[in-house]
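**Q**
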Amino acid sequence: MINSIIRYTIIFIILILLQLLLFNNIQFSGFVNPYVYIMFILLLPVEISPWLLLLISFFTGLTIDFFISTPGLHTAATVLTGFLRPYILRLISPRDGYDPGATPSMEIYGFRWFLFYTVFIVLIHHFSLFFLEVFRFTDFFRTFLRVLFSSLFSVIFILLIEYYRRDR
Amino acid sequence: MRNLLNFLARYNNLIIFLLLEGIAIYLVVTGNDYQNSRVLKSVRVLSIGVEKNISSTRTYLNLHDINTKISQENVDLRNKMERLIKSESQLFFSVTDTILQQQYVYTSAEIVNNSANRQKNFFTLNKGKKQGVEVDMAVTSGEGVAGIIVSSSENFSVAMSLLNLDFRLSVRMKSNGFFGSLSWDGRDYKYAILNEIPQHVIINEGDTVETTGYSAIFPQGKIIGVVSDFEKVGGDFYKIRVKLTTDFKKLNYVNVIGNLRRTEQKQVEKSFQ
């Protein structure tokens with residue numbers, strides 16, 4: 001228990017630092033900006049109780065908001081993601097269900113499963129984030145395009161990080 | 169009572185979700201008005217240390233560009249100086265004014281945090297109240313308009329970038345003096361939109377667009393960009409796309425311009441509004 005708390009704290013710090021120092025500085029043509037920190041919510045144990053998941057999502061979003069000075073924006077997106085995560089896990093659950101105490105990882109459930117899982121979560125997060133940012137539905141398709149492109153890059157980066165994590 | 173408890177137990181996650189999401193949305197709606205977000209300001213002090221390090225690395229990488237720009241500016245200044253010295257060395261000249269008529273003060277500042285990829289962009293400068301930077305001062309880069317200071321602390325200040333959906337600026341066509349309002353449509357960081365130029369005006373691609381100085385923030389005649397293309401929309405007005413001269417992705421050093429007579433002008437104007 002203590003062990004996993006320490007592990008998740010380290011993952012949290014690494015992902016936040018990666019987001020702030022590296023990914024926030026990647027700006028392809030002002031259209032694409034990957035938000036990779038969402039991977040933290042992705043990696044939390046499968047059987048984590050929903051209320052704890054919500055609280056953790058809330059504080060993850062709040063941390064990011066503080067550092068990029070966008071009050072509430074990321075918090076709203078991560079809380080929604082945290083709320084929907086259990087439903088998505090149920091939706092794409094493998095045939096024999098999840099093992100008790102399992103964490104969602106590529107190593108256990110395979111590349112295909114992890115890809116679907118990541119795509120769902122990232123799309124939910126980015127969709128709510130980008131639309132909250134513009135706060136209007138005019139130019140719907142332009143914002144939607146931003147969501148798609150940014151999601152594509154986020155997913156690629158998350159898969160790379162997960163791949164690297166597996167090797168260690 | 170028991171029913172209520174059952175209800176709470178059953179939907180506790182939904183309730184927590186709605187509560188947290190409510191807090192977040194509340195923050196989005198109220199906190200995005202920059203000046204009002206007190207919490208943010210105090211926290212910015214914490215995050216500014218990190219940002220400073222990032223920006224110093226970036227400045228180092230851009231040294232070459234910065235050098236060329238500075239030497240360019242040097243040449244311009246030298247040319248101006250030459251003209252002034254010439255006029256002073258004339259034997260006879262009439263003094264028309266004995267009181268210093270300076271209206272604008274300039275200071276330079278370094279950008280420690282910048283963004284160009286959001287819909288509401290702000291940047292942070294490394295000068296604040298102690299160095300004389302106040303709210304509602306103008307920010308320009310060497311080439312053109314960059315933004316307006318919206319809040320300042322002791323040693324830092326935050327400026328609303330031109331690349332912000334809330335940014336409005338009164339500008340005019342240099343060629344014929346017709347003025348309109350400039351804003352950003354959130355699409356491309358290289359272009360802004362100029363509205364309210366009537367359709368009987370003749371405009372060409374490549375025409376220069378400059379500030380009017382009506383708002384008492386920017387001095388007159390600061391260059392913003394050139395007309396890139398235009399179309400007639402609705403009844404009476406053009407919709408003109410302006411290619412900005414300032415490259416917001418390479419912004420490192422900026423000038424902050426304060427208007428010494430702003431309060432006076434505003435006071436006089438206020439009495440008629």
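Sequences listed follow chains X and Z, in order.
Residues in the first sequence are numbered consecutively from 1, following this note's numbering.
Residues in the second sequence are numbered consecutively from 169, following this note's numbering.
All residues carry an ideal CB built from backbone N, CA and C; glycine is no exception.
In the DSSP assignment, the alpha helix (DSSP H) including R169/X goes from what residue to what residue?
**A** Here chain X has residues from 1 to 168 only, and residue 169/X is not among them.
**Q** Can a CB atom of chain X be found closer than 8 Å to the CB of L330/Z?
**A** No, no contact with chain X.
**Q** Can you find the residues in the same chain that come closer than 6 Å, C-beta to C-beta, to V32/X, ignoring five residues on each side of it along the sequence?
**A** Hits under 6 Å: F149, S150, F153.
**Q** For K407/Z, which option in I361/Z, G389/Z, R430/Z has the closest C-alpha, if you only look at C-alpha atoms?
**A** The residue with the shortest Cα to Cα distance from K407/Z is I361/Z.
**Q** Just how far apart, CA to CA, sit F12/X and Y117/X?
**A** Cα to Cα, the separation comes out at about 19 Å.
**Q** Of all the residues that make up the region 102 to 132 of chain X, which are near chain Z by a beta-carbon distance shorter than 9 Å?
**A** Answer in chain order: F130, L132.
**Q** Nearest CA to the CA of L15/X: which residue from I2/X, I6/X, I108/X, M39/X?
**A** Of the listed residues, the one whose Cα sits closest to L15/X is M39/X.
**Q** For F291/Z, does the three-state DSSP call read helix, strand or coil?
**A** Three-state result, F291/Z: strand.
**Q** Taking the alpha helix (DSSP H) that R7/X falls in, what are its first and last residues?
**A** Run containing R7/X: 2 to 17, per the alpha helix (DSSP H) assignment.
**Q** Check whether the Cβ of V147/X lies closer than 8 Å to any Cβ atom in chain Z.
**A** By this cut-off, V147/X is not an interface position.
**Q** Closer than 7 Å by beta-carbon distance: list the chain X residues that pair up with F185/Z, in chain order.
**A** The contacting residues are L54, V79, F83.
**Q** Figure out for me which residue from L173/Z, F291/Z, N174/Z has the closest Cα to the Cα of Y421/Z.
**A** Among L173/Z, F291/Z, N174/Z, the Cα nearest to that of Y421/Z is on F291/Z.
**Q** Kindly give me the distance between the Cβ atoms of Q287/Z and E47/X, rounded to whole angstroms, as I take these residues to be in contact under 8 Å.
**A** About 38 Å; that fails the 8 Å criterion.
**Q** Give the C-beta separation of K295/Z and V424/Z to the nearest angstrom, bearing in mind that I take them to be a contact with Cβ-Cβ under 8 Å.
**A** Going by Cβ atoms, the distance from K295/Z to V424/Z rounds to 7 Å, so yes, they are a contact pair.
**Q** When the Cα atoms are used, what is the spatial distance from L44/X to K438/Z?
**A** Distance between the alpha carbons of L44/X and K438/Z is about 58 Å.
**Q** Tell me which residues of the region 64 to 76 of chain X have at least one Cβ-Cβ distance to chain Z shorter than 9 Å, keeping chain order.
**A** Per Cβ criterion, the list reads D65, F66, F67, I68, S69, T70, P71, G72, L73, H74, T75, A76.
**Q** For the beta strand (DSSP E) that T138/X lies in, which residues bound it at each end?
**A** From DSSP, T138/X is part of no beta strand (DSSP E); its letter is neither H nor E.
**Q** Cα-Cα, which of I385/Z, I370/Z, T227/Z, S396/Z is closest to L428/Z?
**A** For L428/Z, the nearest C-alpha among the options comes from I385/Z.
**Q** Where does D233/Z fall in DSSP's three states?
**A** D233/Z: helix per DSSP, three-state reduction.
**Q** Can you give me the C-alpha to C-alpha distance between Q299/Z and Y272/Z, rounded to a whole angstrom?
**A** Spanning the two alpha carbons is a distance of roughly 16 Å.
**Q** Give, in chain order, every residue of the region 309 to 342 of chain Z whose Cβ lies closer than 7 Å to some Cβ of chain X.
**A** Residues: none.
**Q** Residues of chain Z with CB under 9 Å from R142/X, in chain order?
**A** Going along chain Z in sequence order, the residues near R142/X (Cβ under 9 Å) are G354, R355.
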